Amino acid sequence: MERKQREKKPAQGWQIILASASPRRRELLALMGLTFQVMPSEKEEIITGDTPQEMVENLSRQKAEEVAGRMIHGSEPEVRALVIGSDTIVVCGGRVMGKPRSKEDAFAMLRSLQGSVHDVYTGVTIARVEDNKITYDTFSRKASVTVHEMDDEEIRDYIAKGESMDKAGAYGIQGSFAMFVEEIQGEYNTVLGLPVAALYQELKKVTGVCI
Numbered sequence: 000m001e002r003k004q005r006e007k008k009p010a011q012g013w014q015i016i017l018a019s020a021s022p023r024r025r026e027l028l029a030l031m032g033l034t035f036q037v038m039p040s041e042k043e044e045i046i047t048g049d050t051p052q053e054m055v056e057n058l059s060r061q062k063a064e065e066v067a068g069r070m071i072h073g074s075e076p077e078v079r080a081l082v083i084g085s086d087t088i089v090v091c092g093g094r095v096m097g098k099p100r101s102k103e104d105a106f107a108m109l110r111s112l113q114g115s116v117h118d119v120y121t122g123v124t125i126a127r128v129e130d131n132k133i134t135y136d137t138f139s140r141k142a143s144v145t146v147h148e149m150d151d152e153e154i155r156d157y158i159a160k161g162e163s164m165d166k167a168g169a170y171g172i173q174g175s176f177a178m179f180v181e182e183i184q185g186e187y188n189t190v191l192g193l194p195v196a197a198l199y200q201e202l203k204k205v206t207g208v209c210i
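For what it's worth, my numbering labels the leading residue of the sequence shown as 0, then goes sequentially.
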């Protein structure tokens, strides 16, 4: 018997906001077929929490809270919006890595990652703005990445390509660093900065419809 395909319904009346300037997250949301606006958070990120999951979830909530708060104070009461905040950290040997502060910092990060396995955590918060109130749904996902051994010259050559400075752990898996990646366990998009499969399921729960 042929299975009847479920009709994909839009989330009518919902304005979707991405609280991040990351071009990778914009691309991933676009691939999901979502119509959205970009409104980066202006809040300084502060790492809090006892575990990597808590840290990255708190970072994502900080972004969503700041943007959702701006929408509440600067818009009409009938606004209905879903604000998506997301952040990513890399953890290697118990050390939490965000974005490098300098090329020297990037070199130190990559040197510790080469020839080993590290974990990438991405946290996501969906702030639902409705009836002049905000409710939050937060989750995170982890992926483990195995990196081939790299010598110092390879690390410096990679940094010189300019891919390191705006990325957690000083690398972008979608760029030329891919030639050093031996294996990924977990969702690839978690490493990119937005676990789209998990996000889609959460959006269905929050809105009650297929996005």
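Every residue gets a Cβ at the ideal spot worked out from N, C-alpha and C, and that includes glycine. Predicted model only: the values in this text are computed from it and were never measured.
- Of the candidates P39, K141 and D104, K141 places its Cα closest to the Cα of V119.
- V95 and E162 have their C-alpha atoms roughly 19 Å apart.
- Q14 carries a strand assignment under DSSP once its states are collapsed to helix, strand and coil.
- DSSP places S21 outside any beta strand (DSSP E), giving it a letter other than H or E.
- If you compare the alpha carbons of V78, R110 and E44 with that of C91, the shortest gap goes to R110.
- Beta-bridge partners assigned by DSSP to H72: none are found.
- Counting C-beta pairs with one atom in each stretch, the region 15 to 29 and the region 76 to 85 have three or more that are closer than 8 Å, which means they touch.
- Inclusion of K62 and T137 in the CB contact set at 9 Å is not warranted, their separation being larger than that value.
- The Cβ atoms of I46 and M38 do not sit closer than 9 Å to each other.
- Inclusion of S143 and I183 in the CB contact set at 9 Å is warranted, their separation being smaller than that value.
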